[in-house]
Structure formats: C-alpha cells, structure tokens
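Same order as they appear, the protein sequences are chains A and G. The opening residue of the first sequence carries number 19 in the working numbering; numbering runs sequentially from there. The opening residue of the second sequence carries number 19 in the working numbering; numbering runs sequentially from there. Take a look at the structure set out below.
Number of protein chains: 2
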Amino acid sequence: MADDYQVQSNGGSSDLNSKPLLELYVKASAIDPRRIGADLFCQEFWMELYALYEIGVARVEVKTVNVNSEAFKKNFLGAQPPIMVEEEKGATYTDNREIEGRIFHLAKEFNVPLFEKDPSVEKRIENLYRNFKLFLRSKTENQKVPTPLEDMSAQTRVHYNRVVEQLTGIDQLLADRNSRYLLGNSMTEYDCELMPRLHHIRIIGQSLLSFDIPHNLTHLWNYVLTAYRTAAFIESCPADQDIIRHYKEQLNLFSNQRETLQTPTKTHTIPERVLCDIRNRGLAPDVKVQ
Amino acid sequence: MADDYQVQSNGGSSDLNSKPLLELYVKASAIDPRRIGADLFCQEFWMELYALYEIGVARVEVKTVNVNSEAFKKNFLGAQPPIMVEEEKGATYTDNREIEGRIFHLAKEFNVPLFEKDPSVEKRIENLYRNFKLFLRSKTENQKVPTPLEDMSAQTRVHYNRVVEQLTGIDQLLADRNSRYLLGNSMTEYDCELMPRLHHIRIIGQSLLSFDIPHNLTHLWNYVLTAYRTAAFIESCPADQDIIRHYKEQLNLFSNQRETLQTPTKTHTIPERVLCDIRNRGLAPDVKVQ
Numbered sequence: 019m020a021d022d023y024q025v026q027s028n029g030g031s032s033d034l035n036s037k038p039l040l041e042l043y044v045k046a047s048a049i050d051p052r053r054i055g056a057d058l059f060c061q062e063f064w065m066e067l068y069a070l071y072e073i074g075v076a077r078v079e080v081k082t083v084n085v086n087s088e089a090f091k092k093n094f095l096g097a098q099p100p101i102m103v104e105e106e107k108g109a110t111y112t113d114n115r116e117i118e119g120r121i122f123h124l125a126k127e128f129n130v131p132l133f134e135k136d137p138s139v140e141k142r143i144e145n146l147y148r149n150f151k152l153f154l155r156s157k158t159e160n161q162k163v164p165t166p167l168e169d170m171s172a173q174t175r176v177h178y179n180r181v182v183e184q185l186t187g188i189d190q191l192l193a194d195r196n197s198r199y200l201l202g203n204s205m206t207e208y209d210c211e212l213m214p215r216l217h218h219i220r221i222i223g224q225s226l227l228s229f230d231i232p233h234n235l236t237h238l239w240n241y242v243l244t245a246y247r248t249a250a251f252i253e254s255c256p257a258d259q260d261i262i263r264h265y266k267e268q269l270n271l272f273s274n275q276r277e278t279l280q281t282p283t284k285t286h287t288i289p290e291r292v293l294c295d296i297r298n299r300g301l302a303p304d305v306k307v308q
Numbered sequence: 019m020a021d022d023y024q025v026q027s028n029g030g031s032s033d034l035n036s037k038p039l040l041e042l043y044v045k046a047s048a049i050d051p052r053r054i055g056a057d058l059f060c061q062e063f064w065m066e067l068y069a070l071y072e073i074g075v076a077r078v079e080v081k082t083v084n085v086n087s088e089a090f091k092k093n094f095l096g097a098q099p100p101i102m103v104e105e106e107k108g109a110t111y112t113d114n115r116e117i118e119g120r121i122f123h124l125a126k127e128f129n130v131p132l133f134e135k136d137p138s139v140e141k142r143i144e145n146l147y148r149n150f151k152l153f154l155r156s157k158t159e160n161q162k163v164p165t166p167l168e169d170m171s172a173q174t175r176v177h178y179n180r181v182v183e184q185l186t187g188i189d190q191l192l193a194d195r196n197s198r199y200l201l202g203n204s205m206t207e208y209d210c211e212l213m214p215r216l217h218h219i220r221i222i223g224q225s226l227l228s229f230d231i232p233h234n235l236t237h238l239w240n241y242v243l244t245a246y247r248t249a250a251f252i253e254s255c256p257a258d259q260d261i262i263r264h265y266k267e268q269l270n271l272f273s274n275q276r277e278t279l280q281t282p283t284k285t286h287t288i289p290e291r292v293l294c295d296i297r298n299r300g301l302a303p304d305v306k307v308q
C-alpha cells in the first residue's frame, strides 16, 4: 500500500500519543501522481488541518492518491478524495460533511476560532467561484486558443461583469475590515474556502481567459499576497501546471503538452504595480516602502 | 444538453411559482447511463428531497448524468454528483455540506423534522458501513468466486464479527424504540443514511460474500421492510445489478457480463421465514397474520 501514496508528514516526533493523527488523502495531479492535484475541497481541508497542526492540536499526514489505481479503489471502495482517516478511532471520513464535522469538533475542543460565523462574509463570497466558472465556460466555448478579453460575446460579458462586481465587493469588504484575513487576524474556514478559489481564478484567468483580477482592487490583491505568505496555503497549493491541466481536461481543451513537460512552478508573486500600491498605502505591515 | 440527462420529475403542474425547484444530478449506472447508479450520497439526498416533495415544500427533478460525458464535464467543470441546482436563486451546490445546508434550511422553514438530532442513534449507526467495507475487502481479497461464509481467515472473521455485532446493536435499538423509523414515526436524515447502506449490505452480502443479515434480527428486518415500503427509498433505489457492478468495479473483480445483460431487478422482498416472525410478533401493522 505504502508505495501508492506520497506522504508529507506534518507530525513532530514528540507527544506522539497525546495528539490525534489525522491522515488526509488528496487527489493526485493528472500530470504526475507524486504531485498534488487541483481539487479545491482537498486544499480547503488541508488548510484547515494545517491550522490545527500549526498550533499543536493534531498531527497531520497528507497522502496523494491516484484515484484510478487498483490499490486505491480496493481500499476505499468507491469513495473519492478528500478522505480523512483517524486510525486510532477506527474512523474513515469519506464525506465532506463528516470531515468538516471532525475538524470542527477538534477546533472547538481546543478553542481554535477556525469556524467563527459571519453571514455577511458568507454572502459576499458564496457565488464568486460559480460565476467565474460560468464566465470561463462561456468565454472558452468556441475558442481554440485564448483570445483578447475584449473579444467576448454579450452573454460572456454578463458573466464577466458579475465576476468583476463580486471581486470588487470582496475588495470593499476587506477595505472596511482592514484585517489580514476575512474575519480578523487569524485564518478561518472562509479563508480556506476563498484563498484557493482566488488563486485558481488568477491562474486560469491568465492562462485561458486573458483575464486578471483588476489591478485597482488593492485590498483584494493584498489579501492574495497574504495567502502567498500563509504556510497553510503555500503547503497545500498545487503547481500552476496542475491547475491549468485540471481545467483544460474539464473543458475538453487541447493540451499542448506544455504543462506536462514543464518543470512545475507556483505563481506566488503579484504584479509589481499592485505591490507598489500596497506599499504606498502601507497595507501589509511587512511590505516596506523602499 | 437535454439529451444527456434522464429526467424524473416529481413536480406537479400547480403552484409552479410558489415552491422552489431543486434539481438533483445523480451519477448514472455504469451499465446503462439511463439508469441511476449506486452512489450512496446521491440516494441519501434524493430521499431527503423526496421527503420535502411529498409534503409539498419543494418541486424536485432528478437528472441522471454520465460523469464521463463531455457535456457534463464542461457544464460542471470538475464537480462530481451529487450536485444540486436551484436555478431561480442562481445557485449550484456541488458540495455535500452545501446541499445538506440548503435542504436543512428548507426543512427548518417548513417545520419538517428531517434533521432532528439523536446522538445515541448517531453512535449506533456511524461505523456500520465502514466495517462492512472492511469485511467485504478482506473476504474478497484472494477470492475469484464467492466462497462459503465459513471459509474465512481469522482476520476476515474479526471484521465479520464486528458487522454482526453492529447489526445486532441496531436491531436492539429498534426493539427498544418500537417505532417505524429510527427516531419515531417519520423519516429523518438518519434513515436516509442507514436504509441505502443496509440495502447495499444485503445485496452485496448475498452476491459476493454468501452473507445475509442474520435472520434472528427481526426488528432490523422489519426496518428493512419499512424501507421497501417507503416511497422515498423505492424511488431512489438503484437496481441490484447496478449495485453489484459498482462494487465489482472497485474490487477489480471479474464481471461475467451477467449484470450487464440481465433485465434490471430490484430486490424489495425479505426472506419468508423472517416475514413470518414479523407477522407473528405483530411488528408491522400492515403485515397481517394470515
């Protein structure tokens, strides 16, 4: 079995018996099964688990699985990643509701504010990714290669406008709150949901849509920068090539092997001009004006 | 798009505008894409939605989708069934947490006791299916054709004993409560979870393991009979052949084409001897002693 999984252990060697060991099975990349794939739920739970690991509440092991391998199919009989296993309790959580339930209880037990509720934040972020997917599908419908952003149909423009409107709304929310994460100075489930989706929007926007998050949304870009400086996000983030491949497959777009042959890279920088704006406004305390 | 889906509508023609229309996309059978497949989460949500439909709270349309079709992939870009769409709200729920959240709110709004909590019931049913899968994997490990139940290794026997022990526990719970469903006289989410799993245990037990739910567990069998008389279960239940095919695929077991060629059947009867016990004890009010 061991050979089928790539293990990344976040567990220390001390206190081995006092902390629960949570194993998270995440979907492998279609390019290289040793790399993590672009499944958003897998990254979301990985970030939440990382938050528990960081403050010493749990040991975490992430295992990358090839869902088409016979070993995986036999072992989990039809269940799909993300799957979480807690061996000492004899528990296998194969459902997002169960996985979140277990993380929720651990967070509650140790007073980690990972699941604080905020309906206004929820409202603001809930349809962003759906609308982005509608925009993506519409713009790539009859397109063989990426075309300029201006070349879009009236229908595509409706979706495009909606995405920009929502991104602007989130930028405004972040401006009003003036905090590092959505709810304050520590990461919550809302960030674990939004950060990976914003990153996908960015990577897929650039590679397939000639689209970028508008550069004037300084607070939103500062939030993206925060993601790129958050260990939970960085650790769990797939390579650009794996993200692009994931969407190309779904859209049935021609894959020119570029992603397959390239050395995997991760875009964790933001445009220079935006970085200047962030510096000038003194938004990120650790980004100093030169 | 319409051609890719098999639609089963539960919506009436009156009150079209006053009730929300919920569309549930469920995984198709691998044998025949027009038939529903054996995905447990799909059946669970279908049963919950049926409960809302039955009392007139929502209109429900179930669409069977071939997840490998280009149309499906393009339309949902990587999301997997169950997927729920509520067009008038512009909402697509691709995550079990979101789907349940929406059904939960509707149930709450209309005072449907679908999500009543009962930790003791939860505890009693939670690991049954996991343990059954361990038993199934263990017993079929080196087996080409089903072997008698007695021919099992010591390791397999551990899993077998655990399954029987849990089934006995649920039988006991049902005997103590003396109610039609787990919590009382109306169906709750616990039944939507347990009924399909018990049915899979029965169908797969018989076809691959020479195993049956012990016949002395009269209350449990009576509960299975209740499932077979519950519209929400019957409507959403896949054919035996589709259930068997699903597990054979995961276990990498030889498929002798029998399931593929057979006319689909649904086992919704229980053993005659058990039915007599139920009658003699007067357990099911509608099963009369002849």
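Think of the CB as a built atom: it goes at the ideal place given N, C-alpha and C, for glycine as much as any other residue. Keep in mind that this is a model prediction, so the values were computed, not measured.
Cα-Cα, which of the options is closest to residue i?
i	options	result
L235/G	D295/G, R148/G, E88/G	D295/G
H123/G	N179/G, A76/G, V163/G, T165/G	A76/G
N84/G	F150/G, R52/G, H218/G	R52/G
Y241/A	I101/A, G202/A, I262/A	G202/A
E277/A	S36/A, A48/A, L40/A, D136/A	A48/A
K141/G	L200/G, E106/G, A97/G, I121/G	L200/G
A125/G	T206/G, D189/G, N179/G	T206/G
L212/G	E62/G, N179/G, N196/G	E62/G
N86/A	L269/G, Q224/G, S36/G	L269/G
T7/G	N298/G, S204/G, L146/G	This structure does not reach residue 7/G, given that chain G is present from 19 up to 308, and the question cannot be answered.
F229/G	Q184/G, K135/G, N160/G, P166/G	P166/G
R299/G	N196/G, Q184/G, N160/G, K135/G	N196/G
L279/A	D50/A, Q98/A, K45/A	D50/A
P137/A	L191/A, N179/A, Y178/A, E183/A	L191/A
To the nearest angstrom, how far is it from the Cα of residue i to the Cα of residue j?
i	j	result
T248/G	Y208/G	14 Å
I54/A	D258/A	11 Å
Q308/A	E127/A	Below a pLDDT of 50, predicted positions are generally treated as unreliable, and Q308/A, at 43, falls in that range; no measurement from the model is reported.
R115/G	Y71/G	20 Å
V176/G	E88/A	24 Å
S156/A	E267/G	35 Å
Y68/A	C210/A	10 Å
K284/G	H264/G	15 Å
I143/G	H217/G	14 Å
T112/A	L58/A	16 Å
I222/G	A56/G	12 Å
R120/G	L301/A	37 Å
T174/G	S36/A	31 Å
D21/A	M170/G	Caution is warranted here: a pLDDT of 39 is assigned to D21/A, below 50, making its placement in the model unreliable, and the coordinate value is therefore given only provisionally. Cα to Cα, the separation comes out at about 27 Å.
V292/A	V139/A	24 Å
S254/A	M65/A	7 Å
T281/G	I101/G	28 Å
S225/A	N274/A	13 Å
M19/G	F90/G	A caution first: M19/G carries a pLDDT of 34, below 50, which makes its placement in the model too unreliable to give a value.
A109/A	N149/G	10 Å
K135/G	S204/G	13 Å
E168/G	R198/G	34 Å
A46/A	A250/A	18 Å
Are residue i and residue j touching if we call contact CB-CB under 8 Å?
i	j	result
P164/A	L227/A	yes
P38/A	E118/A	no
I252/G	H286/G	yes
L132/A	K151/G	no
L238/G	D189/G	yes
L271/A	T158/A	yes
F153/A	V181/A	yes
Q98/A	Q98/G	yes
Assuming the contact rule is C-beta atoms closer than 8 Å, residue i and residue j should be a hit. Round their C-beta distance to whole Å, please.
i	j	result
I231/G	R215/G	So it is not a contact: roughly 12 Å between Cβ atoms.
Y43/A	K92/A	Contact flag wrong, Cβ pair sits at about 14 Å.
E41/A	E79/A	5 Å
Looking at the secondary structure, which residues open and close the beta strand (DSSP E) in which residue i lies?
i	result
R215/G	Premise fails: R215/G lies in the alpha helix (DSSP H), 207-222, not in any beta strand (DSSP E).
Y43/G	39-45
Y199/A	From DSSP, Y199/A is part of no beta strand (DSSP E); its letter is neither H nor E.
V325/A	The structure shown does not extend to residue 325/A, since chain A is modelled only from 19 through 308, so no value can be given for it.
Go to residue i, then tell me how far its alpha helix (DSSP H) extends in each direction, as first and last residue.
i	result
A76/A	That residue, A76/A, is in no alpha helix (DSSP H); it is neither H nor E in DSSP.
T285/A	That residue, T285/A, is in no alpha helix (DSSP H); it is neither H nor E in DSSP.
L248/G	Rather than Leu, the amino acid found at residue 248/G in this sequence is Thr. Neither: T248/G is in no alpha helix (DSSP H) and is coded neither H nor E.
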